[in-house]
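Protein chains in written order, with our numbering: chain E, 1 to 115; chain C, 1 to 114. Here a beta-carbon is modelled for each residue, glycine too, at the ideal position from N, C-alpha and C.
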Amino acid sequence: DQQVKQNSPSLSVQEGRISILNCDYTNSMFDYFLWYKKYPAEGPTFLISISSIKDKNEDGRFTVFLNKSAKHLSLHIVPSQPGDSAVYFCAASDHYGGSQGNLIFGKGTKLSVKP
Amino acid sequence: DGGITQSPKYLFRKEGQNVTLSCEQNLNHDAMYWYRQDPGQGLRLIYYSQIVNDFQKGDIAEGYSVSREKKESFPLTVTSAQKNPTAFYLCASRTFQGWNSPLHFGNGTRLTVT
Chain E
1 DQQVKQNSPS
11 LSVQEGRISI
21 LNCDYTNSMF
31 DYFLWYKKYP
41 AEGPTFLISI
51 SSIKDKNEDG
61 RFTVFLNKSA
71 KHLSLHIVPS
81 QPGDSAVYFC
91 AASDHYGGSQ
101 GNLIFGKGTK
111 LSVKP
Chain C
1 DGGITQSPKY
11 LFRKEGQNVT
21 LSCEQNLNHD
31 AMYWYRQDPG
41 QGLRLIYYSQ
51 IVNDFQKGDI
61 AEGYSVSREK
71 KESFPLTVTS
81 AQKNPTAFYL
91 CASRTFQGWN
101 SPLHFGNGTR
111 LTVT
């Protein structure tokens, strides 16, 4: 059963608007969450992370929000730019549990930012 | 510049042949990982190694083998026992200075087996 779920395979947003990518998880032991961005035929690049002791982390146009009670995190991109068009993967790990700190990835959401 | 190098970028093999994918890092990272990506799927962990001369199976290790003789290198062999070897393979590494460290990925090798 999937422990990290990205239920929207794709998202289309107008340039300049906000992009909100969502991720749900089932394992309450997860304590570290990350977002990666991936272009076709390239490796994923690390975007932003958050530990379970926080509920928000911001880096420039990117903000990640964590709602532990709902087991939900989201990535906000403001303002969205055409260069943000990529597949975004959510990932999580639990350092003291079964995954031994290894990252577990969602299936990704393809973001298209239209000019 | 520090980074992770995967070679080759594209690889073609006939069914029944073993093939080895190369992964080298000069980031001085302790841990190295191999993931596989299929269309519409997330990244699935094949093998990982936290220290030299030691490695562990991931979620989908069947049909694969690895070695970690040097800190910088973590080659992956796709054997003929792997039933669906055609995929995009990603190597990654990270430091163990504290658990909260992100993975750094190479640019991948696309393997096609016919």
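Close beta carbons around residue i, own chain, < 6 Å, minus the five adjacent residues each side
i, result
"C:Y33", "Y48, A92"
"C:D38", "A87"
"E:S51", "Y32"
"C:F12", "T112"
"E:T63", "H76"
"C:F105", "L90, A92"
Cross-chain neighbours of residue i in chain C, by beta carbon under 8 Å
i, result
"E:N102", "Y33, L45, Y48, G58"
"E:E42", "N107, G108"
"E:S51", "N100"
Beta strand (DSSP E) segment containing residue i, residue limits
i, result
"C:A92", "87-94"
"C:Q50", "43-51"
"C:R110", "109-113"
"E:K110", "109-114"
"C:D54", "54-57"
"E:T26", "Counting along the chain, E:T26 falls outside any beta strand (DSSP E), and DSSP gives it neither H nor E."
"C:R68", "Where C:R68 is concerned, there is no enclosing beta strand (DSSP E), given that its DSSP letter is neither H nor E."
Beta-bridge partners of residue i, as assigned by DSSP
i, result
"E:K56", "E:F65"
"E:T31", "Note on identity: in this sequence residue 31 of chain E is Asp, with Thr being the wrong assignment. Answer is none; E:D31 lacks a bridge partner."
"E:H76", "E:I20, E:T63"
"E:F46", "E:Y36"
"C:T5", "C:E24"
"E:M104", "Inspection of the sequence shows that residue 104 of chain E is occupied by Ile rather than by Met. Beta-bridge pairing links E:I104 to E:A92."
Sequence-distant residues of its chain with Cβ nearer than 7 Å to residue i (five each side left out)
i, result
"C:I51", "D30"
"C:L44", "The question names Leu, yet the displayed sequence has Arg at residue 44 of chain C. Cβ neighbours of C:R44 beyond the five flanking positions: Y35, R36, D59, I60."
Contact list for residue i against chain E, beta-carbon separation under 7 Å
i, result
"C:G42", "F89, F105, G106, K107, G108"
Cβ-based neighbour list, residue i, same chain, cut-off 8 Å, excluding 5 preceding and 5 following
i, result
"C:Y64", "W34, I46, Y47, L76, T77, V78, T79, Q82"
For residue j and residue i, believed in contact at Cβ under 8 Å, the rounded distance
i, j, result
"E:Q6", "E:G108", "6 Å"
"E:V13", "E:S74", "Contact flag wrong, Cβ pair sits at about 14 Å."
"E:L21", "E:L111", "7 Å"
"E:A91", "E:L34", "5 Å"
"E:V78", "E:R61", "6 Å"
Interface residues of chain E facing residue i [CB-CB closer than 9 Å]
i, result
"C:H104", "G43, T45, F46"
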